[in-house]
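**Q**
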Amino acid sequence: MAERRVADVVVERLLAWRVPRAFGYPGAAIAPLVEALESTGGEPAFIPARHEETASFMATGHAKFTGGIGVCLATQGPSAVQLLNGLYDAKLDSKPVVAIVGEDISGPLGGAHQEIGLSRLFGDVCNQFVRYGRSPEDVAALLDQAFRTAAATRSPTCVVLPRQLQEAVVPDLQPSAVGVVSATPGEPLARVLPHDVDLDAAAQLLGGGQRVAILVGQGGRDAAPEIIEVADRLGAGVATSLLGKPVLDERLPFHTGVLGEVGTPAAAELMGGCDTLLMVGTNDPWTEYFPMPEQARTVQIDIDGRRIGARYPADVPLVGDAAETLRALLTRLRGQPEQRWRATVEASVDRWRDVAAERVAAPADPVNPQLVLQELSARMPGTGAVAVDVGSVLYWYARHLTLPPGVNAQLCGTLGSMGCALPYAVAAKLAAPDRPVVALVGDGAMQLNGLAELITVSNHWQQWRDPRLVVLVLNNRDQGGMGGGLAPSDSTRRRPDVPYAGWARLLGLHGVRVDRPELVGAAWDEALAADRPCVLEAVVDPAVSLAPPEPAFADLRGLYADGAPARKVREQVEVTVNAEDFV
5 MAERRVADVV
15 VERLLAWRVP
25 RAFGYPGAAI
35 APLVEALEST
45 GGEPAFIPAR
55 HEETASFMAT
65 GHAKFTGGIG
75 VCLATQGPSA
85 VQLLNGLYDA
95 KLDSKPVVAI
105 VGEDISGPLG
115 GAHQEIGLSR
125 LFGDVCNQFV
135 RYGRSPEDVA
145 ALLDQAFRTA
155 AATRSPTCVV
165 LPRQLQEAVV
175 PDLQPSAVGV
185 VSATPGEPLA
195 RVLPHDVDLD
205 AAAQLLGGGQ
215 RVAILVGQGG
225 RDAAPEIIEV
235 ADRLGAGVAT
245 SLLGKPVLDE
255 RLPFHTGVLG
265 EVGTPAAAEL
275 MGGCDTLLMV
285 GTNDPWTEYF
295 PMPEQARTVQ
305 IDIDGRRIGA
315 RYPADVPLVG
325 DAAETLRALL
335 TRLRGQPEQR
345 WRATVEASVD
355 RWRDVAAERV
365 AAPADPVNPQ
375 LVLQELSARM
385 PGTGAVAVDV
395 GSVLYWYARH
405 LTLPPGVNAQ
415 LCGTLGSMGC
425 ALPYAVAAKL
435 AAPDRPVVAL
445 VGDGAMQLNG
455 LAELITVSNH
465 WQQWRDPRLV
475 VLVLNNRDQG
485 GMGGGLAPSD
495 STRRRPDVPY
505 AGWARLLGLH
515 GVRVDRPELV
525 GAAWDEALAA
535 DRPCVLEAVV
545 DPAVSLAPPE
555 PAFADLRGLY
565 ADGAPARKVR
575 EQVEVTVNAE
585 DFV
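The sequence shown maps to residues 5 to 587 in my numbering.
1. Looking at the structure shown, is Asp566 part of a helix, part of a strand, or coil, going by DSSP?
2. Report the residue from Met296, Arg255 and Asn287 whose alpha carbon sits nearest the alpha carbon of Leu274.
3. Just reading off the beta strand (DSSP E) that His259 is part of, what are its end residues?
4. When you compare only the Cα positions, how much space is there between Phe133 and Ala150?
5. If we require 3 or more residues per run, which beta strand (DSSP E) segments fall completely within the stretch 380-415?
6. Measuring alpha carbon to alpha carbon, tell me which residue in Trp465, Glu16 and Ala35 is nearest Leu77.
7. For the beta strand (DSSP E) that contains Leu322, what are its first and last residues?
8. Going straight from the alpha carbon of Val13 to that of Lys99, what length do you get?
9. Does the beta-carbon of Gln3 have 16 or more other beta-carbons within 10 angstroms, so that it is buried, or is it exposed?
10. Return helix, strand or coil for Phe126, following the three-state DSSP convention.
11. Kindly indicate the opening and closing residues of the beta strand (DSSP E) around His514.
12. Thinking just about the alpha-carbon of each residue, which of Leu426, Arg195 and Asp545 is nearest to the one in Asp482?
13. Helix, strand or coil: which one does DSSP assign to Glu273?
14. Could you spell out where the beta strand (DSSP E) holding Ile305 opens and where it closes?
15. Apart from the five residues on each side of it in sequence, which residues of its chain come closer than 6 Å, Cβ to Cβ, to His514?
16. Considering just the uninterrupted stretch of the beta strand (DSSP E) at Glu541, what are its terminal residues?
17. For the pair the stretch 61-79 and the stretch 429-446, tell me if three or more CB-CB distances fall below 8 Å.
18. In angstroms with no decimal places, state the Cα-to-Cα distance between Ala59 and Val105.
19. Taking three-plus beta-carbon pairs below 8 Å as touching, is the stretch 304-324 in contact with the stretch 122-141?
20. Could you give the residue range of the beta strand (DSSP E) that holds Phe294?
21. Going by Cα to Cα distance, which pick from Gly211, Gln214, Tyr136 and Val397 is closest to Leu165?
22. What is the residue span of the beta strand (DSSP E) that Ala194 lies within?
23. Would you mind working out which of Tyr399, Tyr401 and Val394 sits nearest Gly420, comparing C-alpha positions?
24. Which first and last residues belong to the beta strand (DSSP E) in which Asn479 is found?
25. Which one of Asn412, Gln340, Thr418 and Leu455 has the shortest CA to CA distance from Pro427?
26. Per DSSP, which residues does Thr280 bridge with? Please list them.
27. Gly3 bridges to which residues according to DSSP?
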């Protein structure tokens with residue numbers, strides 16, 4: 005009987021925590037663990053990425069799309085450094101990820117080549133838990149603690165395992181020495197509900213509002229029926245953060261769309277006109293689009309009490325699970341809303357939809373990028389998933405892609421890092437190989453890491469029951485990455501024109517290139533009908549304006565008072581915000 009090594013124990017703990025795969029880049033310091041994973045026959049599987057950064061994005065993407073715990077592997081030194089981007093994504097978007105880092109401590113005078121102080125390196129991003137493995141007997145309990153902490157705190161953790169420890173033989177352990185799995189990843193660890201007195205206060209505040217707005221973030225997932233019922237009970241309008249975009253059916257007549265610089269005028273107007281605000285599971289940083297100070301009384305619901313009041317003052321804080329808390333509120337809310345406010349909100353939504361249609365139809369050279377996303381709306385498979393990158397594609401996604409109910413869409417919300425979408429898409433596809441996935445990417449992100457990760461796609465797609473993974477590349481040759489009307493002839497901003505669809509074909513995938521607006525719909529049809537993953541390269545106009553909406557100083561109360569189509573615009577204040585903060 006083969007001796008049981010520490011690397012085998014790691015594999016056992018991954019299975020115990022229902023981890024189907026670990027993403028990483030192989031190296032000498034992690035080789036024993038990689039060998040142990042590859043000897044299992046695929047349960048759990050080792051998925052080699054082309055770079056450690058994309059491996060960490062894949063682990064975070066797995067956590068985002070599945071609700072489980074993502075796992076990434078790397079070695080010491082520069083390999084460990086490359087994990088930070090994806091781990092910070094997990095930290096800022098509150099997703100559980102465990103990083104297992106190998107270290108080779110052999111070397112002259114006890115020093116190792118490529119040695120970095122890993123405790124300090126990961127001390128901020130994995131501030132909830134960073135530990136070294138010291139002895140074979142302790143590794144199982146150490147890993148259980150790392151997984152339990154990641155699940156409980158919804159954050160990344162790190163375990164460092166020296167190579168010599170991975171290779172060490174594990175003595176027979178007493179049952180008490182083995183960690184016990186007690187947390188359920190991806191779900192609240194307990195039924196969290198606010199106190200009755202706080203629920204009563206929230207119901208009284210909301211019931212007294214005349215112009216109620218509801219802002220929904222990613223914490224509202226699985227609470228869509230309750231949110232809609234509360235909105236109807238209060239006659240409220242609804243807006244979402246970027247991460248909250250998939251929560252509700254965007255075709256609802258009172259759904260104003262995404263709030264913020266990437267969002268819609270209707271959402272900004274909703275915030276500008278409300279006198280009461282209900283925030284559900286959101287930590288949206290676009291605070292200049294929130295109601296003016298002292299304009300609105302606010303109830304905020306969040307499972308993490310540290311977030312309440314962090315972006316906007318909360319009159320009644322409710323720490324609890326969104327669906328549970330909303331159900332408790334509904335038993336306390338009366339059902340006689342003021343209908344004029346709802347009618348005003350719906351009129352604002354109608355105006356925005358007319359404006360959006362005009363923007364999509366506007367001529368461009370050669371293709372309007374807004375048209376490309378609009379054409380996907382009618383074709384997006386209802387069982388699919390969407391991964392979105394950072395850049396101008398984020399604006400077009402927020403405004404012009406209507407997600408079918410139930411479609412899971414994810415992006416690097418708070419960190420705002422380019423290069424996340426294709427690794428996310430790989431993780432989503434591996435987690436559900438029978439469902440289609442669409443990645444929305446700019447040419448900058450595609451050149452950053454997407455061209456390389458297409459190799460990963462080409463290595464796995466033949467194992468997928470549904471081979472559809474469509475990577476849309478908006479090729480605008482704009483080095484600035486955010487479009488906005490600067491001339492593409494400016495050599496300082498011009499990005500090399502890469503044949504993205506041709507590269508896909510070289511890898512044995514399908515590739516479609518479209519540079520005529522009348523062919524965009526047919527190009528989507530071809531991409532979604534392909535018998536293998538496809539890169540759809542759309543050559544788009546970099547001069548199309550991003551046109552961010554005016555902030556919340558656009559006040560709907562002028563409409564509410566007299567029904568006139570004009571808006572009052574308040575005196576604007578200077579507010580600084582990080583343009584890459586998209587929560």
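Backbone N, C-alpha and C define an ideal beta-carbon position, used for all residues, glycine too.
**A** Result, derived from the coordinates:
1. Per-residue confidence for Asp566 stands at a pLDDT of 41, beneath the threshold of 50, marking its modelled position as unreliable; the derived number appears in the next sentence. Taken through DSSP and simplified to helix, strand or coil, Asp566 comes out as helix.
2. The option with the nearest alpha carbon to Leu274 is Met296.
3. His259 to Val262 is the span of the beta strand (DSSP E), which, as asked, contains His259.
4. So the two alpha carbons sit approximately 7 Å from each other.
5. Along the length of the stretch 380-415, whole beta strand (DSSP E) runs at least 3 residues long occupy 389-392 and 412-415, reported in chain order.
6. Of the listed residues, the one whose Cα sits closest to Leu77 is Ala35.
7. Counting along the chain, the beta strand (DSSP E) containing Leu322 begins and ends at Val320 to Val323.
8. Computed Cα separation, rounded: 25 Å.
9. Within the shown structure, residues of the chain are numbered from 5 to 587, placing residue 3 beyond reach of any answer.
10. In this structure, Phe126 counts as coil in the three-state DSSP scheme.
11. Note, His514: beta strand (DSSP E), His514 to Val518.
12. Checking every option, the nearest Cα to that of Asp482 belongs to Asp545.
13. Under the three-state reduction of DSSP output, Glu273 falls in the helix class.
14. Its beta strand (DSSP E) spans residues Arg301 to Asp306.
15. In chain order, Ala534, Arg536 and Cys538 place their CB closer than 6 Å to the CB of His514, counting only its own chain and leaving out the 5 sequence neighbours on each side.
16. DSSP places Glu541 in the uninterrupted beta strand (DSSP E) bounded by Cys538 to Val543.
17. When C-beta atoms of the stretch 61-79 are compared with those of the stretch 429-446, three or more pairs fall below 8 Å, so the two segments count as touching.
18. Roughly 13 Å between the two C-alpha positions.
19. Verdict: no, contact absent.
20. Secondary structure note for Phe294: it is in no beta strand (DSSP E), with a DSSP letter that is neither H nor E.
21. When each option's Cα is compared against that of Leu165, the closest is Tyr136.
22. Per DSSP, Ala194 belongs to no beta strand (DSSP E) and is neither H nor E.
23. Per the Cα distances, Val394.
24. Unbroken beta strand (DSSP E) run through Asn479: Leu473 to Asn479.
25. Of the candidates Asn412, Gln340, Thr418 and Leu455, the residue whose Cα lies closest to the Cα of Pro427 is Leu455.
26. In DSSP, Thr280 forms a bridge with Val216 and Arg301.
27. Outside the shown range of the chain, which is 5 to 587, sits residue 3, and nothing can be said about it.
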